[in-house]
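S.K.: Under the working numbering, the first residue of the sequence shown is numbered 93, with each subsequent residue one higher.
All residues carry an ideal CB built from backbone N, CA and C; glycine is no exception.
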Amino acid sequence: MEKLVIEGTEDTPKIVFDPDQGLYEISGRSLPEDVVSFYAPVLEWLDQLEANPVQGLEFTFKLEYFNTASSKLILDILLKLDDIHSSGAGMSVKWYYFEMDEDLMEAGEEYSELVEIPVELVTY
93 MEKLVIEGTE DTPKIVFDPD QGLYEISGRS LPEDVVSFYA PVLEWLDQLE ANPVQGLEFT
153 FKLEYFNTAS SKLILDILLK LDDIHSSGAG MSVKWYYFEM DEDLMEAGEE YSELVEIPVE
213 LVTY
């Protein structure tokens with residue numbers, strides 16, 4: 093699979109899905125004006141992964157902040173990962189949050205309850 097790299101800005105997260113490096117990470121702030129268009133390449137990439145699943149991938153979310161519109165697309169990403177995981181391609185998610193950020197911790201907990209894929213909450 094081709095790698096997907098979207099450089100982050102003040103309002104959009106950095107996204108790196110690099111199979112050669114074994115790196116699958118979304119990090120930064122997510123406040124894009126058009127959240128659907130911004131995340132469309134991510135969902136398309138995950139569709140390709142679903143068609144050609146790889147065992148044992150670990151996806152990392154290191155979001156500092158995300159708005160309500162982004163929360164829906166983050167859930168869409170997690171649901172897509174859950175579908176891939178359920179098809180037999182074992183994978184996991186690490187959800188990072190700042191130790192004092194209860195909102196991001198609770199978001200990670202809520203997402204983990206909505207999917208079967210293992211989600212590990214990690215403070216930093």
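Report the residue from Pro210, Glu117, Lys154 and Leu115 whose alpha carbon sits nearest the alpha carbon of Glu191.
M.R.: Looking at the Cα atoms, Lys154 is the closest of the given residues.
S.K.: Quick check on the burial criterion: 16 or more other C-beta atoms within 10 angstroms. Buried or exposed for Pro105?
M.R.: Buried, since its Cβ has 16 or more Cβ neighbours within 10 Å.
S.K.: DSSP state of Tyr216, grouped into three classes?
M.R.: In the structure shown, Tyr216 sits in coil (DSSP, three-state: anything other than H, G, I, E or B).
S.K.: State the beta-bridge partners of Ser184 as determined by DSSP.
M.R.: DSSP output for Ser184 lists Glu150 as bridge partner(s).
S.K.: Classify Gly182: buried if its beta carbon has 16 or more other beta carbons within 10 angstroms, exposed otherwise.
M.R.: Flag for Gly182 reads exposed.
S.K.: Looking at Asp174: is its Cβ nearer than 7 Å to the Cβ of Glu208?
M.R.: Taking 7 Å as the Cβ cut-off, Asp174 and Glu208 qualify as a contacting pair.
S.K.: Can you tell me the Cβ-Cβ gap for Glu150 and Lys186, rounded? I've got them flagged as a contact below 8 Å.
M.R.: The Cβ separation is near 6 Å, so the contact holds.
S.K.: Look at the Cβ atom of Asn159, then the Cβ atom of Leu123, and state whether they are nearer than 7 Å.
M.R.: The answer is yes: Cβ separation under 7 Å.
S.K.: Considering only the alpha carbon of each residue, which of Gln140, Met93, Pro133 and Leu170 lies closest to Glu201?
M.R.: The shortest C-alpha separation from Glu201 is found at Leu170.
S.K.: If you draw a straight line from the C-alpha of Ile176 to the C-alpha of Val97, how long is it?
M.R.: If I take the Cα positions, the gap works out to 21 Å.
S.K.: Could you have a look at Phe130 and say whether DSSP puts it in helix, strand or coil?
M.R.: Helix at Phe130.
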